[in-house]
Amino acid sequence: MTQPQKTIAVVNAAGRQTASLIRVASAVGYAVRAQIHSLKGLIAQELQTLPNVTLLQGPLLNNPALMDSLFKGANYAFINTVSQAGDEVAIGRALADAAKRAGTISHYIYSSMPDHSVHGPWPAVPQWAPKFTVENYVRQLGLPATFVYAGIYNNNFTSLPYPLFQMELLDDGSFEWRAPFDPETPLPWLDAEHDVGPALLQIFKDGPKKWHGHRIALTFETLSPNQVCAAFSRALGRPCRYVRVRKIEIKVNIPPGYREQLESLEVLFGECNAPYFPQPEFSQPAAGSPKGLGPAGGKGAGAGMMQGPGGVVSLRVTDESRHLWQGWRDMEEYAREVFPVEEEANGLDWML
Numbered sequence: 001m002t003q004p005q006k007t008i009a010v011v012n013a014a015g016r017q018t019a020s021l022i023r024v025a026s027a028v029g030y031a032v033r034a035q036i037h038s039l040k041g042l043i044a045q046e047l048q049t050l051p052n053v054t055l056l057q058g059p060l061l062n063n064p065a066l067m068d069s070l071f072k073g074a075n076y077a078f079i080n081t082v083s084q085a086g087d088e089v090a091i092g093r094a095l096a097d098a099a100k101r102a103g104t105i106s107h108y109i110y111s112s113m114p115d116h117s118v119h120g121p122w123p124a125v126p127q128w129a130p131k132f133t134v135e136n137y138v139r140q141l142g143l144p145a146t147f148v149y150a151g152i153y154n155n156n157f158t159s160l161p162y163p164l165f166q167m168e169l170l171d172d173g174s175f176e177w178r179a180p181f182d183p184e185t186p187l188p189w190l191d192a193e194h195d196v197g198p199a200l201l202q203i204f205k206d207g208p209k210k211w212h213g214h215r216i217a218l219t220f221e222t223l224s225p226n227q228v229c230a231a232f233s234r235a236l237g238r239p240c241r242y243v244r245v246r247k248i249e250i251k252v253n254i255p256p257g258y259r260e261q262l263e264s265l266e267v268l269f270g271e272c273n274a275p276y277f278p279q280p281e282f283s284q285p286a287a288g289s290p291k292g293l294g295p296a297g298g299k300g301a302g303a304g305m306m307q308g309p310g311g312v313v314s315l316r317v318t319d320e321s322r323h324l325w326q327g328w329r330d331m332e333e334y335a336r337e338v339f340p341v342e343e344e345a346n347g348l349d350w351m352l
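According to full-length UniProt numbering, the residues represented by the sequence shown are 1 to 352, in order.
So, in structure tokens, the structure goes:
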């Protein structure tokens, strides 16, 4: 006898994290019920063609009817809220309440982020701290939940003049990345479109018996900005240089509230050199050299090393993700195989 089809409820379907899960879950036979803000755009059009996917169009804020439809009879949920949709705390709490009301959600995965002000003399990041508030609410509600913390998307890089992750193409054909991060401090990275979906699906397969209450860093590499640029240089066969700057350059119009986000990142990482994930479960004192530590930026790289307030520590952030999904894409592969394709899709022709 065949097993009955399981249903995963998701929100923000056109976002990189959720779309990654939808593609993988649909391909292996799960039913997906997905809230989406608009049916326009390339991602929305793609999702409409996938088997086993039902899209529910509409806003989340003050929309309990849509939330009840989303969770009705669903077995699992992946929730990645976004600040652009409105009051993220109100939306996050309402979604958790609706999942609780449905009574059928056996595993609730929430995409969270840290509130740095809780862990040290650091500012709260405006678009991250609300997620931590929602995480605490989900815990108090008693849902069988797991909390994933996404590292920096490899996919953020573009030669277009967007702030913080512009990989600027210079007149001599080389690239330059200008940001406030310390050039030698490792940061957590993942290819969101390629790797989020398989990792989440494995968490669902393992179930809440293994992961209830856990925080998992969705991160497959820890690379310093200098190592990132070295990976790009190897992949593209042209020089790539990192330049640390105090202020993030804003060359285009940006959404409301994003300027405050960037200013807090300037302080947090530029002035304070704070850890990206400050929670103690994501780091531990190094006991000698970590096993498996290979060349920076390669598949053999281990968890990486970071210089923190207490000295050198061994980052554990990559360990669980690599056990969840062994087919992850590293930065060099992304820069070689994907970055030029995304650039060409944006109307650029330097790769030709």
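Glycine residues also receive a C-beta, built at the ideal position from the N, C-alpha and C atoms.
R16 sits close to N155, with the two beta carbons spaced by under 8 Å. Sequence-distant Cβ neighbours of S38 in its own chain, meaning closer than 8 Å and more than five residues away, are A14, A44, Q57. For L218, the beta-bridge partners assigned by DSSP are A150. In the structure shown, the three-state DSSP call for W189 is strand. By the C-beta density criterion, L218 is buried, having at least 16 other C-beta atoms within 10 angstroms. The beta carbon of I109 lies closer than 8 Å to those of Y76, A77, F78, I79, A145, T146, F147, V148, L200, I203, F204 in the same chain, with the five residues before and after it left out. Here DSSP, grouped into helix, strand and coil, assigns I36 to strand.
In the three-state DSSP reduction, Y276 falls in the coil class, being neither helix nor strand.
For W350, no alpha helix (DSSP H) segment is defined, and its DSSP state is neither H nor E. Beta-bridge partners assigned by DSSP to R178: V243.
The C-alpha of Y137 is placed about 20 Å away from the C-alpha of K209. Counting along the chain, no alpha helix (DSSP H) covers M113, and no H or E run does either. Its chain contains G73, A74, N75 as the residues whose beta carbon lies nearer than 7 Å to that of T104, once the 5 sequence neighbours on both sides are disregarded; these appear in chain order. For F78, no alpha helix (DSSP H) encloses it; the enclosing beta strand (DSSP E) starts and ends at 76-79. Ranking L348, E343, G92 by CA distance to the CA of F157 puts E343 first. Within 10 angstroms of the beta-carbon of A27 lie fewer than 16 other beta-carbons, which makes it exposed.
Distance from the CA atom of Y276 to the CA atom of V118, rounded to whole angstroms, is 13 Å. Taking a 10 Å sphere around the C-beta of A345, we find fewer than 16 other C-beta atoms and assign the residue as exposed.
The C-beta distance from G257 to P180 rounds to 19 Å, too long to fall under 8 Å, and the pair is not in contact.
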